[in-house]
Amino acid sequence: MRNIALVDVNNFYVSCERVFNPHLINKPVVVLSNNDGCAVARSNEVKKLGIGMGAPWFKFKELANQHGIVALSSNYALYADMSNRVMSILREFSPHQEVYSIDESFLDVTGFQSLNLVEYAQSMRARILQWTGLPVCVGIGSTKTLAKLANYCAKKIERFNGVCNFNSMQEEELHKLFECIPVSEVWGIGRKMAPQLEALGFNHVRALQRSDPKMMRNKFSVTMEKTIRELNGTMCIELEERHRTKQQIVSSRSFGIPVRDFSSLSESVTLYVSRAAVKLRQQASFAGSIYVYIRTSPFNEKDPFYSNGLTIPIPSPTDDTKQLVRLALWALRKIYKAGYNYQKAGVMLSELVPREGIQTSLFSDSTLLDQSGNLMMVMDSINKKMGKGSLKLASEGFRKPWKMRQENKSPCYTTNWQDLIKLESISPRNQVTKDGYLRMKNSHLPKLSSAEQAAPRLHPGIPVIARNRITSTDC
Amino acid sequence: MMNERTIRRAIPLFSSKASAGFPSPADDHLESRLDVTEYLIDQADATFFAMVTGDSMRDAGLLENDIVVVDRSKKPVISNIIIAIIDGEFTIKSLGQSKSGRPILIPANPDYPIIEIKDETDFQVWGVVTGSFRRFR
């Protein structure tokens with residue numbers, strides 16, 4: 004039997020923010036998506052208030068004020084760095100790792116039978132918490148689908164204490180457990196499929212597990228069959244260990260303010276193409292087609308809606324920013340219509356092929372290809388050294404009024420020298436009151452409501468290395 | 007924008023020198039150049055940087071705007087310089103122990119008091135300071 008573990012950081016974005024801003028500990032905190040649109044991460048306190056994943060900020064702003072919810076803009080530089088740390092630490096626990104998302108990783112721990120896997124998983128949790136300050140949960144099962152489900156149990160059911168190993172549980176116990184879990188929690192089922200399954204009488208995971216995979220394949224899809232087989236312990240979805248080169252590269256953003264004129268739109272499209280092209284060159288690929296799209300806000304009922312996109316095949320695949328931008332702007336001109344308030348634009352590079360063994364078209368000039376490659380190399384290395392966007396195409400523009408709105412972004416504590424944590428020089432003698440208590444400045448962001456000013460308590464997840472007495476903790 | 011022609015000229019014709027004559031006797035003694043990152047950092051995944059403000063650690067050689075290397079993988083030991091969180095604020099001090107066995111935070115500057123951790127104090131060690139650095143220009 005395989006032992007597959009899924010390790011997942013609890014409320015990842017919020018947890019990252021808390022590591023560097025202790026004032027957020029035990030407070031209701033949400034992290035908002037690009038442009039401060041909707042909630043993309045919620046602390047447990049916020050979940051309890053009934054604010055759902057993806058809830059639009061303008062809808063719960065009032066509730067937020069009432070309960071002193073701290074809303075932060077997303078700080079992807081910080082989250083990416085913290086994610087890399089977690090993934091790198093996990094790699095030490097098993098050589099077989101699939102990084103599944105920014106805060107989730109599968110580990111194959113099949114070869115570790117001699118160990119007590121629950122203890123082993125607890126040592127993963129302890130190390131990640133000690134080294135990075137981030138709380139994680141671990142689920143173990145004989146397939147990826149079961150590992151995901153075990154992780155759900157580890158998170159939701161307190162007695163598991165953050166680690167749930169299906170493989171060490173009795174079958175009967177498992178069946179009972181599965182009867183309490185809704186089918187929507189099964190990996191790959193999701194919110195859309197769940198109502199269909201429930202309508203057919205599959206009210207919990209156990210019912211789905213017992214269904215006939217062949218029949219379900221006919222009714223639904225081959226994916227459904229795989230899911231059911233995986234729930235029964237047959238590995239159908241292998242770990243994808245190697246970092247696959249991406250099959251498409253997307254770069255898109257919503258605008259901070261609506262954009263109407265063509266020139267602002269073309270500036271943003273140029274920027275997105277430039278970013279996508281850097282990624283393209285990093286993975287040593289050429290793009291065989293480029294897709295450009297623009298749209299107005301689907302939520303704004305006052306303004307007319309318009310959305311359009313265009314794919315252009317590239318006869319000689321390229322990674323040259325100049326060429327890609329020229330094609331993208333040509334496409335943009337085709338789909339742009341005056342008189343709309345555009346809210347989002349994006350580009351997608353696809354039909355990617357490796358740079359080696361590139362087929363040049365009959366009419367392309369191979370020396371030209373070399374030349375552009377060198378120019379792009381120089382451009383990338385200058386931008387790496389001098390900072391993003393030091394050297395760019397003029398069509399990207401300089402003012403960028405449409406740039407992303409991020410009103411309450413935390414500092415990039417781990418990726419920018421200017422943003423390091425400040426170690427307050429609290430407690431010179433004159434600030435000590437008679438009772439020996441220290442008066443401290445509350446200099447950290449953000450301002451909290453008076454209800455929130457109460458003395459912060461310790462985060463249950465953060466180890467108290469010394470409290471009252473010095474005790475040693477293992478890491 | 008840089009001129010494309012200058013860039014082309016900057017690309018060498020051969021990426022490695024053709025060897026002729028004796029091989030260099032130094033080739034057997036090749037070692038990698040000293041690397042300051044390697045000197046300062048033991049456990050990269052657990053290492054963070056922080057900036058000193060104020061002069062409470064002056065006599066330990068930590069001045070305003072110095073950057074300290076904080077290793078969270080290290081177990082704090084008495085007399086270590088540590089980053090602590092007290093009542094929600096970060097501070098940098100030496101870790102000590104009072105006669106009664108309570109943790110105390112000792113500044114390296116006589117103008118600052120020793121902080122005794124009381125029952126009601128929220129206190130945790132965030133990480134151990136393993137080094138520091140600063141630039142002059």
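So the sequence lines, in the order shown, correspond to chains P and U. Okay, so the first sequence: first residue is 4 according to the numbering used here, each after it adds one. Okay, so the second sequence: first residue is 7 according to the numbering used here, each after it adds one. Glycine included, each C-beta is placed from N, C-alpha and C at the ideal position. A quick note: this is a predicted structure, and the numbers were derived from the prediction, not measured.
Query: Cβ contact (3+ pairs, closer than 8 Å) linking the stretch 136-150 of chain P and the stretch 230-244 of chain P; Result: yes
Query: C-beta neighbour in chain P for aspartate 65/U, strict 8 Å; Result: no
Query: For alanine 479/P, three-class secondary structure by DSSP; Result: With chain P covering only 4 through 478, there is no way to say anything about residue 479/P.
Query: Limits of the unbroken alpha helix (DSSP H) element including lysine 195/P; Result: 193-202
Query: Nearest neighbour of serine 310/P, chosen from Ser393/P, Val295/P, Pro318/P, Leu330/P [CA to CA]; Result: Val295/P
Query: Bounding residues of the alpha helix (DSSP H) (the contiguous stretch that carries glutamate 176/P); Result: 174-181
Query: Status (buried if at least 16 other CB within 10 Å, exposed otherwise) for arginine 213/P; Result: exposed
Query: Three-state class that DSSP yields for proline 357/P in the structure shown; Result: strand
Query: For aspartate 111/P, the residue or residues it bridges with in DSSP; Result: Ile7/P
Query: Contact set between isoleucine 112/U and chain P, taken where Cβ atoms lie within less than 9 Å; Result: None at all; the shortest Cβ gap to chain P is about 11 Å.
Query: Inter-residue CB distance, leucine 335/P and valine 272/P (contact presumed, cutoff 8 Å); Result: 5 Å
Query: 7 Å Cβ cut-off: residues of chain P touching aspartate 51/U; Result: Arg88, Ser91, Ile92, Trp134
Query: Bridge-paired residues (DSSP) for valine 189/P; Result: Valine 189/P pairs with nothing; no bridge assigned.
Query: Assigned secondary structure, isoleucine 92/U (DSSP; H/G/I helix, E/B strand, else coil); Result: strand
Query: Arginine 140/U classed as buried or exposed, judged by whether at least 16 other C-beta atoms fall within 10 angstroms; Result: exposed
Query: Interface residues of the stretch 411-427 of chain P facing chain U [CB-CB below 7 Å]; Result: Thr417, Leu423, Ile424, Lys425, Leu426, Glu427
Query: Proximity of valine 83/U and threonine 53/U at Cβ, strictly below 8 Å; Result: no
Query: Sequence ranges, beta strand (DSSP E) only - wholly within the stretch 276-340 of chain P, length at least 3; Result: 288-299, 310-321
Query: From Val121/P, Asn206/P, Met382/P, residue whose alpha carbon lies closest to that of methionine 172/P; Result: Val121/P
Query: Range of the contiguous beta strand (DSSP E) that encloses tyrosine 103/P; Result: 100-104
Query: Sequence-distant residues of its chain with Cβ nearer than 7 Å to proline 320/P (five each side left out); Result: Phe289, Ala290, Gly291, Val356, Ile361
Query: C-beta neighbour in chain P for serine 85/U, strict 8 Å; Result: no
Query: Anticipated Cβ contact below 8 Å, phenylalanine 96/U with glutamate 174/P, distance rounded; Result: Contact flag wrong, Cβ pair sits at about 50 Å.
Query: Counted within 10 angstroms of its Cβ, other Cβ atoms place alanine 331/P as buried (16 or more) or exposed; Result: buried
Query: Within 8 Å, strictly: CB atoms of cysteine 140/P and asparagine 14/P; Result: no
Query: Beta-carbon gap between leucine 81/P and cysteine 41/P smaller than 8 Å; Result: no
Query: Closer than 8 Å to chain U by CB, proline 463/P; Result: The predicted position of proline 463/P is uncertain, since its pLDDT is 35 and thus under 50; a value taken from the coordinates is nonetheless stated next. By this cut-off, proline 463/P is not an interface position.
Query: Limits of the alpha helix (DSSP H) - the one that alanine 157/P falls within; Result: 147-159
Query: Given tyrosine 16/P as reference, the closest of Ser36/P, Lys305/P, Val328/P once Cα atoms are compared; Result: Ser36/P
Query: Beta-bridge pairing of methionine 351/P - partner residues as DSSP gives them; Result: Val253/P, Tyr294/P
Query: Three-state class that DSSP yields for lysine 51/P in the structure shown; Result: helix
Query: Identity of the residues DSSP links to lysine 99/U by a beta bridge; Result: Ile88/U
Query: Cβ shell of lysine 347/P (< 6 Å), same chain only, five flanking positions each side left out; Result: Ser257, Arg298
Query: 8 Å Cβ cutoff, valine 42/U in contact with chain P; Result: no
Query: Residue environment, arginine 232/P, which counts as buried when at least 16 other CB atoms sit within 10 Å; Result: buried
Query: Positions along the stretch 95-107 of chain U whose CB lies within less than 7 Å of some CB in chain P; Result: Glu95, Phe96, Thr97, Ile98, Gln103, Gly107
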